[in-house]
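Going by UniProt numbering, 62 is the number at position 62 of the sequence shown; the sequence numbering is gapless.
As structure tokens, the structure follows; a few thoughts come after it.
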Amino acid sequence: MDIVSLWEKTLQLIKGEVSTASFNAFFKEIKPLKQISNELIFLAPNEFIQNILENRYLNLIESCVSQLSLKKYQIKFILDEKEIQDTNEEDKSTTIKKSYPNLNPKYTFDTFVIGNSNRFAHAACVAVAESPAKAYNPLFLYGGVGLGKTHLMHAIGHHIMCQQEDPKVVYVSSEKFTNELINSIKNDKNEEFRNKYRNVDVLLIDDIQFIAGKEGTQEEFFHTFNALHEANKQIIISSDRPPKEIPTLEDRLRSRFEMGLITDIQPPDFETRIAILRKKAQLENINVPNEVMTYIAKYIKSNIRELEGALTRVVAYSSLTNKNISLELATEALKDIISNPKSEEITVNRIKEKVSEAFNIKMDDFNSKKRTRTIAYPRQIAMYICRELTDLSLPKIGSEFGGRDHTTVIHAHDKVTKDIEENQQIKDKIDKIISDLKG
Numbered sequence: 001m002d003i004v005s006l007w008e009k010t011l012q013l014i015k016g017e018v019s020t021a022s023f024n025a026f027f028k029e030i031k032p033l034k035q036i037s038n039e040l041i042f043l044a045p046n047e048f049i050q051n052i053l054e055n056r057y058l059n060l061i062e063s064c065v066s067q068l069s070l071k072k073y074q075i076k077f078i079l080d081e082k083e084i085q086d087t088n089e090e091d092k093s094t095t096i097k098k099s100y101p102n103l104n105p106k107y108t109f110d111t112f113v114i115g116n117s118n119r120f121a122h123a124a125c126v127a128v129a130e131s132p133a134k135a136y137n138p139l140f141l142y143g144g145v146g147l148g149k150t151h152l153m154h155a156i157g158h159h160i161m162c163q164q165e166d167p168k169v170v171y172v173s174s175e176k177f178t179n180e181l182i183n184s185i186k187n188d189k190n191e192e193f194r195n196k197y198r199n200v201d202v203l204l205i206d207d208i209q210f211i212a213g214k215e216g217t218q219e220e221f222f223h224t225f226n227a228l229h230e231a232n233k234q235i236i237i238s239s240d241r242p243p244k245e246i247p248t249l250e251d252r253l254r255s256r257f258e259m260g261l262i263t264d265i266q267p268p269d270f271e272t273r274i275a276i277l278r279k280k281a282q283l284e285n286i287n288v289p290n291e292v293m294t295y296i297a298k299y300i301k302s303n304i305r306e307l308e309g310a311l312t313r314v315v316a317y318s319s320l321t322n323k324n325i326s327l328e329l330a331t332e333a334l335k336d337i338i339s340n341p342k343s344e345e346i347t348v349n350r351i352k353e354k355v356s357e358a359f360n361i362k363m364d365d366f367n368s369k370k371r372t373r374t375i376a377y378p379r380q381i382a383m384y385i386c387r388e389l390t391d392l393s394l395p396k397i398g399s400e401f402g403g404r405d406h407t408t409v410i411h412a413h414d415k416v417t418k419d420i421e422e423n424q425q426i427k428d429k430i431d432k433i434i435s436d437l438k439g
């Protein structure tokens with residue numbers, strides 16, 4: 001019995017041993033990954049659920065697995081698939097006999113919530129999924145962490161897998177691509193590596209910004225890109241920023257990324273955040289009062305991952321305390337995430353006020369064309385804080401600072417981030433401003 005089948009049967013046994021709320025909160029999102037000798041490895045969606053399973057349910061899981069398999073297995077939960085050292089020689093075969101999509105079954109177009117922030121990106125992905133290599137090739141998606149880029153990429157892969165007969169689909173992060181390239185060079189397996197990535201129908205590569213500055217990886221990906229594009233195969237790429245803003249990315253790669261369609265995903269607005277929470281509750285068959293979803297959506301604004309994580313936390317808290325989900329319970333469960341919900345809303349104007357007080361500049365200086373360091377640097381810090389504490393888009397933040405371009409906001413954020421890492425005095429000063437804003 002393979003690990004996927006074993007886990008499906010194990011879930012049926014566990015369902016009879018725990019409450020419905022606990023089952024939905026802790027078990028439904030676990031993904032079986034691999035069996036290595038007498039160890040079964042599973043992917044947990046976050047550290048909170050990993051700890052719950054290891055500390056509360058490990059004996060139950062091991063017992064159910066042993067009952068079904070008649071063997072004693074060790075159960076291991078990890079948070080990142082990269083933790084697995086792949087020793088399976090079958091995966092290293094030079095001949096691609098099947099697809100290696102590595103797709104998350106939950107990430108489909110059906111489970112994706114469409115809103116103003118992602119409508120165009122979603123439409124582009126559907127077009128590519130329905131007509132690979134004919135609509136937009138390459139398709140380049142960019143946006144912040146946890147906004148749905150990976151979801152859409154997996155959805156494209158699923159759709160193509162369902163619509164075509166035995167397509168060769170590969171999904172890989174650029175970090176994994178780099179690591180595999182290094183290993184192939186070290187083990188003299190270059191040809192196998194190239195066969196894996198150049199003999200496919202669809203290549204989905206996530207977080208391409210990580211190959212910036214890596215000359216060997218960029219060289220290999222350049223030739224991989226060319227081989228696929230010339231063979232009329234579909235390429236989908238994601239990044240946290242558009243190609244022209246990825247530092248130390250070779251011009252020849254940048255120009256190829258810009259050959260097709262480039263589309264961005266912005267943080268979801270309030271209505272979309274509510275819809276995302278409703279969809280998650282519906283998929284997991286959880287009854288969540290509207291006031292609880294409104295509370296979460298009002299204060300968790302940065303990305304979808306944190307939004308869904310907050311709901312998972314509330315459901316888990318309900319299960320552990322044996323209390324019904326309510327606004328009071330949600331407030332208690334999220335008190336260390338939503339520290340002071342009654343505090344004044346954080347706006348660009350409030351951020352400017354706090355920064356101007358800390359650096360002794362005038363409010364008008366933020367929008368002025370002055371470029372002296374005494375004014376330009378506080379302006380950059382204000383932009384940094386806006387990006388960290390608000391859900392405003394980059395162009396919107398730029399417009400709030402005298403109509404500056406979104407690239408100026410990105411540069412400011414990158415510079416201040418680096419300064420915080422290297423200068424404790426700057427870090428302390430910015431932490432104080434942020435603390436004052438949060439109340």
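For every residue, glycine included, the Cβ atom is placed at its ideal position computed from N, Cα and C.
| Asked | Found |
| --- | --- |
| Inter-residue spacing [alpha-carbon to alpha-carbon] between Leu-329 and Ser-319 | 11 Å |
| Beta-carbon proximity check, Lys-31 vs Leu-13, cutoff 7 Å | no |
| Nearest-angstrom Cβ-Cβ length linking Ile-381 and Ile-430, presumed shorter than 8 Å | 6 Å |
| Buried or exposed by the 16-neighbour rule on C-beta atoms within 10 Å, applied to Gln-234 | buried |
| Span of the alpha helix (DSSP H) around Leu-139 | Element bounds for Leu-139: not the alpha helix (DSSP H) but the beta strand (DSSP E), 139 to 143. |
| Cut-off 8 Å between Cβ atoms - residues of its own chain near Asn-46, not counting five sequence neighbours on either side | Leu-79, Gly-309, Thr-312 |
| Residue nearest to Asp-269 in terms of C-alpha spacing, selected from Gln-74, Phe-77, Ile-114 | Ile-114 |
| Residues of its chain near Lys-9, where Cβ-Cβ distance is below 7 Å and the 5 sequence neighbours each way are ignored | Leu-68 |
| Straight-line gap, Lys-76 to Val-409 (C-alpha atoms, nearest Å) | 42 Å |
| Residues that Ile-14 bridges to, as DSSP identifies them | Paired residue(s): none; Ile-14 is not in a bridge. |
| Distance between His-159 and Thr-108 (C-alpha atoms, nearest Å) | 8 Å |
| Spatial neighbours of Ile-361 in its chain, beta-carbon cut-off 6 Å, leaving aside the 5 residues before and after | Ile-375, Pro-378 |
| C-alpha distance - Val-128 paired with Val-202, whole-angstrom precision | 10 Å |
| Cβ separation of Tyr-171 and Leu-204, assumed to be a contact under 8 Å, to the nearest whole Å | 4 Å |
| Reference Phe-120; option with closest CA among Lys-438, Leu-58, Ile-262 | Ile-262 |
| Cβ pair Leu-334, Val-292 closer than 7 Å | no |
| Those runs of the alpha helix (DSSP H) which lie wholly inside the region 288 to 347 and span at least 4 residues | 290 to 299, 304 to 321, 327 to 333 |
| Cβ contact (3+ pairs, closer than 8 Å) linking the region 242 to 255 and the region 272 to 281 | no |
| First and last residue of the uninterrupted beta strand (DSSP E) at Asp-431 | Careful: Asp-431 lies outside any beta strand (DSSP E), inside the alpha helix (DSSP H) at 424 to 438. |
| Whole-angstrom distance between Ala-358 and Ala-412, CA atom to CA atom | 18 Å |
| Where the alpha helix (DSSP H) through Phe-77 begins and ends | Note, Phe-77: premise wrong, no alpha helix (DSSP H); beta strand (DSSP E) at 74 to 78. |
| CA-to-CA distance, Pro-267 to Thr-390, given in whole angstroms | 10 Å |
| Own chain residues within Cβ distance below 7 Å of Pro-395, not counting five before or after | His-406 |
| N-terminal and C-terminal residue of the alpha helix (DSSP H) that Ile-262 is part of | Counting along the chain, Ile-262 falls outside any alpha helix (DSSP H), though it belongs to the beta strand (DSSP E) covering 261 to 265. |
| Top-ranked residue by Cα proximity to Glu-220, from Asn-199, Leu-147, Leu-181 | Leu-181 |
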